[in-house]
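Count along the sequence shown from 1, then add 665; that gives the number in this note's numbering.
Don't be surprised by glycine CBs; every beta carbon is placed ideally from N, CA and C.
Below you'll find the structure, written out as structure tokens, and then a few comments.
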Amino acid sequence: MQFLKTLFWFLLAVSVAVFSIGNWTTVPIKLWAGLIAEVNLPLLLVLTFLAGLFPVLLYHHAVKWRMSQKLSTAERAVADLRAAAQTALPPAPTSLATPDGPIIPSDPA
């Protein structure tokens, strides 16, 4: 599985490099007060991709952290309930033997 993950990231890096080489042009971006910034197209695309990815990634990690907190709280509650149930139950009988001998179920046939 690690090989496939490495292969995926390698192919992604190669495709980004090929795209960058093929589209290495400057793009004018009009800013405030008449300023114009000339940025390379691959850099602009990577920055916009990261600008869209970063908030979603933060949200994902926040939800994952919150769910792990809820899970650990539920596991603690279950462990406490199991401990309380173990102390509340009377001890189980160790054998079904009577003073006359062991109990043998009768066969109705």
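Residue i, enclosing alpha helix (DSSP H) - first and last residue
i           : result
residue 713 : 706-753
Residue i in three-state terms, based on DSSP
i           : result
residue 690 : coil
Cβ pair residue i, residue j closer than 7 Å
i           : j           : result
residue 692 : residue 708 : no
residue 677 : residue 690 : no
residue 679 : residue 694 : no
Cβ-based neighbour list, residue i, same chain, cut-off 6 Å, excluding 5 preceding and 5 following
i           : result
residue 730 : none
Option in the options with minimal Cα separation from residue i
i           : options          : result
residue 684 : 739, 740 and 711 : 711
Residues near residue i by beta carbon distance below 8 Å, same chain, minus five either side
i           : result
residue 720 : none
Residues near residue i by beta carbon distance below 7 Å, same chain, minus five either side
i           : result
residue 723 : none
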